[in-house]
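Here's the structure we're looking at; comments come further down.
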Amino acid sequence: MMRIDSHHHVWDLSVREQDWMVGDAVAPISRTFTMADMDPVLEQSHIDNTVIVQTVAVMEETPEFLDIARDHPKVAAVVGWLDMESDDITPALESHLAHPESKRLVSIRDLAQYQEDPNWLSRDSVVRNIQRLGERGLSYDLLTLPPQLPAAIDAVKRSPDVQFVLDHISKPYIADGEIDAWAKDMRALAQYPNVAVKISGMVTEAKWDDWTPETFRPYVDVCAEAFGPSRLMFGSDWPVSLLGGQYADIVGIVETLTADWSEAEQEAIWAHTAISAYRLEGLLK
Numbered sequence: 001m002m003r004i005d006s007h008h009h010v011w012d013l014s015v016r017e018q019d020w021m022v023g024d025a026v027a028p029i030s031r032t033f034t035m036a037d038m039d040p041v042l043e044q045s046h047i048d049n050t051v052i053v054q055t056v057a058v059m060e061e062t063p064e065f066l067d068i069a070r071d072h073p074k075v076a077a078v079v080g081w082l083d084m085e086s087d088d089i090t091p092a093l094e095s096h097l098a099h100p101e102s103k104r105l106v107s108i109r110d111l112a113q114y115q116e117d118p119n120w121l122s123r124d125s126v127v128r129n130i131q132r133l134g135e136r137g138l139s140y141d142l143l144t145l146p147p148q149l150p151a152a153i154d155a156v157k158r159s160p161d162v163q164f165v166l167d168h169i170s171k172p173y174i175a176d177g178e179i180d181a182w183a184k185d186m187r188a189l190a191q192y193p194n195v196a197v198k199i200s201g202m203v204t205e206a207k208w209d210d211w212t213p214e215t216f217r218p219y220v221d222v223c224a225e226a227f228g229p230s231r232l233m234f235g236s237d238w239p240v241s242l243l244g245g246q247y248a249d250i251v252g253i254v255e256t257l258t259a260d261w262s263e264a265e266q267e268a269i270w271a272h273t274a275i276s277a278y279r280l281e282g283l284l285k
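The UniProt record's numbering numbers the first residue of the sequence shown as 1 and each following residue consecutively.
As structure tokens, then:
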């Protein structure tokens, strides 16, 4: 069975700071991480292809990631960054698309979770730029916290021709055991067929040193029941995930929680959903 890691990062702190690294809690990952660091764990967990996702709000990072995708034997695609609040993303998008490996730019993500306005995603300027991505055949990755889900739903409703990918199941407050309000909004979001969901980023929303795969079962069950396995995809969120566990531990969560799924359902979460949502056919290595 093919396995795709649809969500991981790399960063070189000698090139630029990661401005989200604040406080002692993130000290374990406050160093440079390259694909050379990731290669052994990809082999150990039998991952065939990966998707690198943007980390900071700078234009220069996306072409750097496209260079990695060109050269690395497992990196199939890139989720890049654009300023979705700009009047028109087209000029900046054209800059990305001028890269020789632009075919591997499959989606754009802006850091909505850090916006003070919970309705940021439903602003007219942001929605119009999301629609522009769809016009160019690109997906849009939603990075949201639970209170931002209603705005995400509005953006999705207004952009039926755009493929959306919800990162990290919208970061429910797993450590606090909160689920009801998040689940209600996830079910509402699932009514729109142009949304896929990454089963990723969960360990860092739990108590980092006190979880088992069963901790996440209620949340994955909500996603599976609302969206169906054919709209779910695995993502590791490495190396951020190292705050809560090793790479094999993250893989093990999904292995455990999908053990009783059919073969077709497992093929979906491990590969087919990512291939569809990110149009990876022809890009896989």
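Where a beta carbon is used, it is the ideal one built from N, C-alpha and C, also for glycine. All values reported here derive from a predicted model rather than from experimental measurement.
{"Asked": "Nearest residue (CA-CA) to M202, options I169, I52, G137, M1", "Found": "I169"}
{"Asked": "Close beta carbons around H272, own chain, < 8 Å, minus the five adjacent residues each side", "Found": "S230"}
{"Asked": "Minimum C-alpha distance to S45 - residue among F33, T258, Q246", "Found": "Q246"}
{"Asked": "Pair within 8 Å by beta-carbon distance, I47 and F65", "Found": "no"}
{"Asked": "At least 3 beta-carbon pairs within less than 8 Å: the region 94-105 vs the region 260-271", "Found": "no"}
{"Asked": "Within the region 171-204, ranges of the beta strand (DSSP E) (whole runs, at least 3 residues)", "Found": "195-199"}
{"Asked": "Touch test, the region 149-157 against the region 119-129, Cβ-Cβ under 8 Å, three pairs minimum", "Found": "yes"}
{"Asked": "Own chain residues within Cβ distance below 6 Å of Q163, not counting five before or after", "Found": "S139, N194, A277"}
{"Asked": "Neighbourhood of G244 by C-beta distance below 6 Å, restricted to the same chain and skipping five residues each side", "Found": "V203, T204, W208"}
{"Asked": "Close Cβ partners of M21 (< 7 Å) along its chain, the five nearest in sequence each way excluded", "Found": "S30"}
{"Asked": "Cβ neighbours of P218 in the same chain (closer than 7 Å, five flanking residues each side left out)", "Found": "I179"}
{"Asked": "8 Å Cβ shell around R132 - same chain, five flanking residues per side excluded", "Found": "D88, I89, T90, L93"}
{"Asked": "Start-to-end residues for the beta strand (DSSP E) that takes in L142", "Found": "139-142"}
{"Asked": "Buried/exposed call for A36, threshold 16 Cβ in 10 Å", "Found": "exposed"}
{"Asked": "Residues bridged to V78 (per DSSP)", "Found": "I52, L105"}
{"Asked": "Own chain residues within Cβ distance below 6 Å of T34, not counting five before or after", "Found": "V10"}
{"Asked": "Start and end residues, beta strand (DSSP E) containing M233", "Found": "232-234"}
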